[in-house]
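Working notes, structure below.
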Amino acid sequence: MNNSFELDTLQSLYKLFLFATRRIIACRAVPLRRSRR
Numbered sequence: 056m057n058n059s060f061e062l063d064t065l066q067s068l069y070k071l072f073l074f075a076t077r078r079i080i081a082c083r084a085v086p087l088r089r090s091r092r
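Right, dumping it as structure tokens:
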């Protein structure tokens with residue numbers, strides 16, 4: 056297997072992981088902010 060292919064796949068998976076975590080954090084942060092106020 057080519058190293059470039061592996062790196063590309065890892066990068067895409069990493070980006071998806073960051074995007075998913077950001078969405079989850081945002082969804083969980085909204086109710087906390089509303090409850091505080």
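So that you can map any letter, position 17 of the sequence shown is 72 in our numbering, and since no number is skipped, the others follow by simple counting.
Just so it is clear, CB atoms sit at the ideal spot from N, CA and C, and this is done for glycine as well.
Alpha-carbon to alpha-carbon, residue j and residue i
{"i": "Thr-76", "j": "Gln-66", "result": "15 Å"}
{"i": "Asn-58", "j": "Arg-83", "result": "37 Å"}
{"i": "Ile-79", "j": "Val-85", "result": "10 Å"}
{"i": "Phe-60", "j": "Lys-70", "result": "15 Å"}
{"i": "Leu-68", "j": "Leu-87", "result": "29 Å"}
{"i": "Leu-73", "j": "Leu-62", "result": "16 Å"}
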